[in-house]
Amino acid sequence: MAYWLMKSEPIEFSIDDLAARDVEAWNGVRNYQARNLLRDQITIGDQAFFYHSSCPQPGIVGIMDIVRAGYPDPTALDPSSPYFDPRSDPHTPRWYCVDVCLHQRFPQTIPLHTLKACPPLQDMPLLRRGNRLSVMPVTPEQWQHIINLMPG
DNA sequence: GCCAACGTTGGC
DNA sequence: GCCAACGTTGGC
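Take -12 as the starting number for the first sequence in my numbering and just add one per residue.
Here's what the structure looks like:
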């Protein structure tokens, strides 16, 4: 049982979009470091924070359950997909995805500036300068600290 | 829209 | 294998 944080631009895919689905493939990740996590580390029963990036209020908006471990990302092989990678080979998959479902939508966003103000969270990759990882690990301590930031 | 930071590409 | 150029990310 491990914890993660996954970013999405809400203009592309938001927590509202996820709430409308039973299960959603978290696909389109095209970064090798994130790919390795999706392929090798993230598994059924793990949980992940849903993070909204590149938007008016960047921050954590809810929790997802991982319901299927890493498998080859079909969008990489689909010429009609915006995530199509012409160099992908079906026999040696380059990109991976996992399936997620919504566990909880927070009543309000935990904004990035709130996370930045928490000393126990300063080691999160999310808060490192220039960080660009869209899938990253969260320690149990960080996870609990963030949960405790929610009112109620 | 700006720009810093970073990953990827490709020439050599 | 180096490294400059380029494209992308993402906060502000």
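Yeah, the Cβ is synthetic: ideal placement off N, Cα and C, and Gly gets one too.
Straight-line measurement puts the Cα of PRO59 at about 9 angstroms from the Cα of PRO77. Contact between ILE50 and GLN28 does not hold, since the beta-carbon distance rounds to 18 angstroms and is not under 8 angstroms.
Bounds of any beta strand (DSSP E) do not take in ILE133; it lies within the alpha helix (DSSP H) bounded by 127 to 134.
Boundaries of the alpha helix (DSSP H) harbouring THR101: 99 to 103, taken from the DSSP string. Put simply, the stretch 11 to 25 touches the stretch 120 to 139. At least three CB pairs are less than 8 angstroms apart. Here the C-alpha atom of ARG92 lies approximately 28 angstroms from the C-alpha atom of SER68. By the Cβ neighbour-count rule, PRO127 is exposed, with fewer than 16 other Cβ atoms within 10 Å of its own. Per DSSP, VAL10 has no beta-bridge partner at all.
For GLN44, the closest alpha carbon among the candidates ARG22, SER75, SER1 and PRO61 is that of SER1.
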